[in-house]
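Residue numbers (the working numbering), protein chains in the order written: chain U, 4 to 197; chain D, 447 to 659.
C-beta atoms are modelled at their ideal positions from N, C-alpha and C, and glycine is treated no differently.
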Amino acid sequence: MSSLLLIIIAGVLVNNLVMSQFLGICPFLGISKKTETAFGMGMAVTFVMVLASVITYLIRTYLLVPFSLEYMQTIAFILVIAVLVQTVEMVLKKVSRALYQALGVYLPLITTNCAVLGVAISNTTAVEGGYDLLQSAVNGLAGALGFTLALVAFAAIREKLAMNDLPKWMDGFPGALIAAGLMAVAFQGFAGLI
Amino acid sequence: MKKKKSMRSVFLNGIFGENPIFRMLLGMCPTLAVSTAVFQGIGMGLATTFVLVFSNLVIALLRNIIPDKVRIPAFIVVIATFVTIVDLMLKAFIPSLSQSLGIFIPLIVVNCIIFARAEAFASKNSVLLSVTDGLGMGLGFTVSITLLSACRELLGNGTLLGAQVMPETFQPMAIALRPPGGFIMLGILLLIINASSKAIVKRREAKAKEAEL
Chain U
4 MSSLLLIIIA GVLVNNLVMS QFLGICPFLG ISKKTETAFG MGMAVTFVMV LASVITYLIR
64 TYLLVPFSLE YMQTIAFILV IAVLVQTVEM VLKKVSRALY QALGVYLPLI TTNCAVLGVA
124 ISNTTAVEGG YDLLQSAVNG LAGALGFTLA LVAFAAIREK LAMNDLPKWM DGFPGALIAA
184 GLMAVAFQGF AGLI
Chain D
447 MKKKKSMRSV FLNGIFGENP IFRMLLGMCP TLAVSTAVFQ GIGMGLATTF VLVFSNLVIA
507 LLRNIIPDKV RIPAFIVVIA TFVTIVDLML KAFIPSLSQS LGIFIPLIVV NCIIFARAEA
567 FASKNSVLLS VTDGLGMGLG FTVSITLLSA CRELLGNGTL LGAQVMPETF QPMAIALRPP
627 GGFIMLGILL LIINASSKAI VKRREAKAKE AEL
């Protein structure tokens, strides 16, 4: 139990995907102009990341390792994630219109979100022999929550920034990157937590 | 130039016009993550260049065979194949680099630059042009990531490629090597590059006006 708690704290705060591992920077910079869309993206990533963690664990344990195909890991994982994202999109469309409308636009963007593949790979390397099924799922959840936290917080900062009178040369990406840097300084404060 | 793309313009486009990092802001994750030392930056840049050139080559060869509907999974398989090759080669020949780049080697698969070039260029152009484009884009990426890592290594460690450059009295700024330093340094470089390219455009316009008069 305490090991699961450690995984959660590490995933959300200490080893935050965006702020300290540099995973998922593209959506972090691209979809952070409004808090609402940032939250929608965060939820979609959470959904996919937990599922992807579970499925890649199963693929690795029951398919790749028994047939000693570990070197196929990258290809297998990225294909599984691409298929998963497509399936989730189709299932959501049929089952829940409301959820589809909320998350649908973000789903295709998740295939190339390196955070999802990054978490799937780090599940296999984090400890000797990799996390077990429950730990993988929890790690996926924690990573995704950390991603959502960083994304929503950054979107809130950018909303404020947009209303301020920035010097013209700071407008757009340079200003956003420097703001992200200052936010990362704050996240550095969690470093001693574990 | 509009009618027929020349090799030269395609090659230079990757380095200047559409530089993946400073112009298109693609491939930010590996850029920020591995740019703490020049050696790592160059290694990452060259690994990405290798994958870009060969995936562009194969996709341009197959561009008339791959059906439009399944092109995205097909591209992913091609790219993942070359990433696996790079991963295994680095593990075998340069294990120290493979260790320090770590998870970011397999993550070349989801580097948006490679996918963007496959979709926007290689699937529409001839083999030779696509390879040139891959080479140009890859070198543009390598030059930019090397520039960023040189700034970070110099400020954070006082060294370049491991050799002491700054005087002994220089106090290294550890933050340049930490994640915040990556974001802030890239922001500052972007500022400088935006400002200077604006200045160049202005000067060119002024010259053109002068010539007209």
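Taking the beta carbon of residue i as the centre, do at least 16 other beta carbons fall within 10 Å, making it buried, or is it exposed?
i, result
"LEU185 of chain U", "exposed"
"ASP135 of chain U", "exposed"
"PRO177 of chain U", "buried"
"ILE505 of chain D", "buried"
"TYR65 of chain U", "exposed"
"GLN486 of chain D", "buried"
"PRO625 of chain D", "buried"
"GLY14 of chain U", "buried"
"ILE560 of chain D", "buried"
"LYS448 of chain D", "Confidence at LYS448 of chain D is low in this model, with a pLDDT of 44, below 50, so its placement is unreliable and the value that follows should be read with caution. Exposed is the call here."
"LEU26 of chain U", "buried"
"ASP533 of chain D", "buried"
"SER71 of chain U", "exposed"
"SER501 of chain D", "buried"
"ALA660 of chain D", "What is shown of chain D runs 447 to 659, which leaves residue 660 of chain D out entirely."
"GLY608 of chain D", "exposed"
"ASN167 of chain U", "exposed"
"PHE462 of chain D", "exposed"
"SER35 of chain U", "buried"
Distance check for residue j and residue i, CA to CA, integer angstroms please.
i, j, result
"CYS475 of chain D", "TYR109 of chain U", "19 Å"
"PHE31 of chain U", "SER590 of chain D", "21 Å"
"VAL499 of chain D", "GLU658 of chain D", "42 Å"
"CYS597 of chain D", "ILE621 of chain D", "12 Å"
"LYS163 of chain U", "ALA182 of chain U", "11 Å"
"ALA129 of chain U", "ALA568 of chain D", "37 Å"
"PHE587 of chain D", "ALA55 of chain U", "30 Å"
"SER125 of chain U", "ILE549 of chain D", "7 Å"
"SER595 of chain D", "ALA187 of chain U", "18 Å"
"LEU606 of chain D", "PRO170 of chain U", "33 Å"
"PHE193 of chain U", "SER139 of chain U", "22 Å"
"SER615 of chain D", "LEU623 of chain D", "Here residue 615 of chain D turns out to be Thr, not Ser, going by the sequence shown. The straight-line gap from Cα to Cα measures roughly 19 Å."
"ILE81 of chain U", "MET490 of chain D", "20 Å"
"VAL611 of chain D", "GLY628 of chain D", "20 Å"
"LEU507 of chain D", "LEU8 of chain U", "50 Å"
"ALA158 of chain U", "PHE190 of chain U", "16 Å"
"ILE12 of chain U", "SER23 of chain U", "14 Å"
"ARG650 of chain D", "ALA641 of chain D", "14 Å"
"LYS653 of chain D", "VAL647 of chain D", "10 Å"
"THR38 of chain U", "LEU148 of chain U", "15 Å"
"VAL51 of chain U", "ILE28 of chain U", "17 Å"
"LEU636 of chain D", "VAL480 of chain D", "18 Å"
"PHE132 of chain U", "LEU144 of chain U", "The amino acid occupying residue 132 of chain U in the given sequence is Gly; Phe does not appear at that position. Going by the C-alpha atoms only, they are around 20 Å apart."
"ILE409 of chain D", "MET470 of chain D", "Lying outside 447 to 659, the shown extent of chain D, residue 409 of chain D is not represented and no answer is given."
"ILE525 of chain D", "SER576 of chain D", "14 Å"
Pull up the DSSP beta-bridge partners for residue i, would you.
i, result
"THR605 of chain D", "D:GLN610"
The alpha helix (DSSP H) that contains residue i, what's its start and end?
i, result
"MET535 of chain D", "517 to 539"
"ALA140 of chain U", "136 to 166"
"VAL88 of chain U", "76 to 98"
"ARG563 of chain D", "558 to 563"
"LYS644 of chain D", "625 to 658"
"VAL60 of chain U", "Per the sequence shown, the amino acid found at residue 60 of chain U is Tyr instead of Val. Counting along the chain, the alpha helix (DSSP H) containing TYR60 of chain U begins and ends at 38 to 62."
"ALA183 of chain U", "176 to 191"
"SER501 of chain D", "484 to 507"
"SER569 of chain D", "Where SER569 of chain D is concerned, there is no enclosing alpha helix (DSSP H), given that its DSSP letter is neither H nor E."
"VAL108 of chain U", "First-last for VAL108 of chain U: undefined, no H or E at that position."
"LEU120 of chain U", "117 to 128"
"ILE12 of chain U", "5 to 12"
"PHE457 of chain D", "453 to 458"
"ALA479 of chain D", "474 to 480"
"LEU20 of chain U", "20 to 24"
"GLY33 of chain U", "28 to 33"
How about residue i: is its Cβ closer than 8 Å to a heavy atom in the ligand GDP?
i, result
"ALA609 of chain D", "As far as ligands go, the structure on display features none, and thus does not contain the ligand GDP."
Counting only beta-carbon separations shorter than 9 Å, does residue i have a partner in chain A?
i, result
"CYS558 of chain D", "No chain A is present in this structure, whose protein chains are U and D."
message = Give me the subset of the segment 172 to 184 of chain U whose CB atoms are less than 7 Å from a CB atom of chain D, sorted by chain position.
response = TRP172, PHE176, PRO177, LEU180, ILE181, ALA183, GLY184
query = Listed in chain order, which residues of the segment 38 to 65 of chain U have Cβ atoms closer than 8 Å to some Cβ of chain D?
reply = none
task = Give, in chain order, every residue of the segment 525 to 547 of chain D whose Cβ lies closer than 9 Å to some Cβ of chain U.
result = ILE525, ALA526, THR527, VAL529, THR530, ASP533, LEU534
inquiry  = Closer than 9 Å between beta carbons: that is the criterion. Which residues of the segment 467 to 487 of chain D meet it against chain U?
reply    = LEU471, LEU472, GLY473, MET474, CYS475, PRO476, THR477, LEU478, ALA479, VAL480
Within 7 Å of chain D by C-beta, residues of the segment 75 to 106 of chain U in sequence order = THR77, ILE78, ILE81, LEU82, ALA85
task = Taking a Cβ distance cut-off of 9 Å, strictly less, list which residues of the segment 503 to 525 of chain D are near chain U, in chain order.
result = ILE518, PRO519, ILE522, VAL523, ILE525
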